[in-house]
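Let me begin by presenting the structure, written as structure tokens, before commenting on it.
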Amino acid sequence: MSEKRQKGLATLAQLAEFDEIIDVRSPAEYEDDRLPRAINCPVLDNEERARVGTIYKQVSAFEAKKIGAAIVSRHIGEHIEARFLDKPREWRPLVYCWRGGKRSGAFTYILREIGWDAHRLDGGYKTWRRHVVEELATLPQRFDYRVVSGATGNAKSRVLEALAEMGAQVLHLEALAAHKGSVLGALPDTPQPAQRMFETQLYTTLSAFDPARPVYVEAESRRIGVLHLPDALIGAIRAAPCLRIEATTAARVNFLLRDYDYFLANPALLTDKIVHLKGLQSNETIERWQAMANAGEFPALFGELLEHHYDPLYQKSQGKNYTGYDAAASFATDDLSPQGVKAIAERILASQGHQSA
């Protein structure tokens, strides 16, 4: 038996061996990022963690440890009673905190005293975070990407989803980022994940891919909403072959009316977003577009947004940022309905020598 196992310590390489992964950090730490599959059983909530930290800095480490121990002990008992009393003797949990020290050590000790084969993650969350950062510096370069490109409104994300349904490997960056990637792309009532959580999701998704098969991904800028793509990933994508969707303007407008239907139900939400175009469009244009939104003139508004804002930006950026854009295979269509999107995905797979599953 290894020294780490004798001490009840486990490494990242052993994650799959455990039945449950327990994150004992505060809810705020857990929300910011966490290990895949981890459940949150905080031994100090957000306020308690701040309180103990303040005592540690302003009074003494001894006073902070006394108060912290009382709170931690109480919460460990609450979690065991609420969540783990039904676990059999063979249950094997892995526990971690920020550094793999006091919080996870206390929780692990109690679980082991009960009789469960509980382990503590050596180095805690910091070990996981370091691993993700190191892997994202090289992992994205191991794959053969196919970049689905096309101006705004060409249903690129929906095509990716159709490709995934057909069995293709798809890296859906906008889904991971909870954002559609444009100035109007924020999703209502859906905040974006923290940058660290986004990177964990990227790493987890990429780790599941087969390097021998192509990975389909949408042409993105370096930033999606407030989130940034890792340098290795954006570099690999921008050097990859492109597949360009070219739908008619009418088809694109009709698609946007469906895909952004929440704006139609709440024009004020759209007028607030249009304000962010100041500096890119004249004040007169901004005011006119806001008036069109308030009047419900959505087809005309979306047509103008495409013609005067999105298409010019797209033409400037794609050839500059994507080396394979000029030589991209083109997929023309006048139908971006769900069936039309499926047909584009089938054509893309056929062009790559693959058939849908």
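Residue numbers (my numbering): 1 to 357. Heads up, the beta-carbon is just placed ideally off N, CA and C, and yes, glycines get one too.
Name the two residues that bound the continuous beta strand (DSSP E) containing residue 169.
Residues 169-171.
Leaving out five residues before and five after residue 72 in sequence, what residues of the same chain have Cβ atoms less than 7 Å from its Cβ?
Correct list, in chain order: 43, 44, 103, 106.
Just tell me which of 37, 147, 53 has its CA closest to the CA of residue 236.
The shortest C-alpha separation from residue 236 is found at 147.
I need the DSSP call for residue 222, collapsed to helix, strand or coil.
Coil, per DSSP.
Got a sec, what are the start and stop residues for the alpha helix (DSSP H) residue 340 sits in?
Taken as a continuous stretch (DSSP letters only), the alpha helix (DSSP H) holding residue 340 covers 338-351.
If residue 211 sits next to residue 324, beta carbons under 8 Å apart, how far is it from one beta carbon to the other, in whole angstroms?
With a Cβ gap of about 19 Å, residue 211 and residue 324 do not count as contacting.
Rounded to whole angstroms, what's the CA-CA distance from residue 350 to residue 164? Just pull it up for me.
Approximately 14 Å between the Cα atoms of the pair.
Please classify residue 96 as buried or exposed, where buried requires at least 16 neighbouring CB atoms within 10 angstroms.
So residue 96 counts as buried.
I need the straight-line Cα distance from residue 139 to residue 205, nearest angstrom please.
Looking at the two C-alpha atoms, the distance is approximately 11 Å.
So what's residue 14 in DSSP terms, helix, strand or just coil?
Residue 14: helix per DSSP, three-state reduction.
Would you mind stating whether residue 9 and residue 120 have Cβ atoms separated by less than 8 Å?
Yes, they are a contact pair.
Considering only their Cβ atoms, is the gap separating residue 153 from residue 252 smaller than 8 Å?
Yes, the pair counts as a contact, with Cβ atoms nearer than the cut-off.
Find out if the Cβ-Cβ distance for the pair residue 194, residue 33 is shorter than 8 Å.
Yes, these two residues count as a Cβ contact at 8 Å.
Considering just the uninterrupted stretch of the beta strand (DSSP E) at residue 148, what are its terminal residues?
Here the beta strand (DSSP E) through residue 148 covers 145-149.
How long is the line joining the alpha carbons of residue 337 and residue 288, rounded to whole angstroms?
Residue 337 and residue 288: Cα-Cα distance of roughly 29 Å.
Counting Cβ pairs, one atom from each stretch, are 3 or more of them under 8 Å apart for the region 307-327 and the region 117-134?
The answer is no - the region 117-134 does not touch the region 307-327, with fewer than three Cβ pairs under 8 Å.
For residue 24, which option in 322, 108, 16 has the closest C-alpha, if you only look at C-alpha atoms?
Ranking the options by Cα distance to residue 24, first place goes to 108.
Count the C-beta pairs between the region 288-306 and the region 217-231 that are closer than 8 Å, then say yes if the count reaches three, no if not.
Cβ pair count under 8 Å is below three, so no.
CB of residue 276 to nearest heavy atom of the ligand ATP: below 7 Å?
Among the components modelled here there is no ligand, and therefore nothing to report on the ligand ATP.
What's the call for residue 191, buried or exposed, on a 16-neighbour Cβ count within 10 Å?
Answer is exposed; the Cβ neighbour count stays below 16.
Locate the beta strand (DSSP E) running through residue 94, then write down its first and last residues.
Start and end: 93-96.
According to DSSP, simplified to helix, strand and coil, what is residue 198?
Helix.
Just curious, the alpha helix (DSSP H) that residue 22 is in, first and last residue?
Per DSSP, residue 22 belongs to no alpha helix (DSSP H); it is in the beta strand (DSSP E), 20-23.
I'd like the list of long-range same chain contacts for residue 213, defined as Cβ closer than 6 Å, with 5 residues on each side in sequence excluded.
These residues qualify, in order along the chain: 169.
Cα-Cα, which of 184, 330, 160, 231 is closest to residue 261?
When only C-alpha atoms are compared, the closest one is 184.
On the DSSP bridge assignment, give the partners of residue 39 in chain order.
Paired residue(s): 22.
If we count the other Cβ atoms within 10 Å of its Cβ and call it buried at 16 or more, is residue 79 buried or exposed?
Counting Cβ neighbours within 10 Å, residue 79 comes out buried, since at least 16 surround it.
For residue 89, which residues in the same chain have their Cβ closer than 8 Å to its Cβ, ignoring the five residues on either side in sequence?
Within the same chain, residue 89 has close Cβ partners 115, 116.
For residue 181, which of 28, 352, 228, 330 has the nearest alpha-carbon?
Selected option, being the one with the closest Cα: 228.
Below 8 Å between beta carbons: does that hold for residue 345 and residue 162?
For residue 345 and residue 162, yes; Cβs fall inside 8 Å.
Indicate whether residue 257 and residue 348 have their beta-carbon atoms separated by less than 8 Å.
Their beta carbons are not under 8 Å apart, which means residue 257 does not touch residue 348 by this criterion.
Look at the alpha carbon of residue 166 and the alpha carbon of residue 54, and state the distance between them as a whole number of angstroms.
Taking the straight line from one Cα to the other gives about 54 Å.
With 16 as the cutoff for other CB atoms within 10 Å, does residue 7 come out buried or exposed?
When all chains shown are included, residue 7 counts as exposed.
What would DSSP say about residue 278, mapped onto helix, strand or coil?
Residue 278 falls in the strand class under three-state DSSP.
What residue range is occupied by the uninterrupted beta strand (DSSP E) comprising residue 246?
Note, residue 246: beta strand (DSSP E), 241-247.
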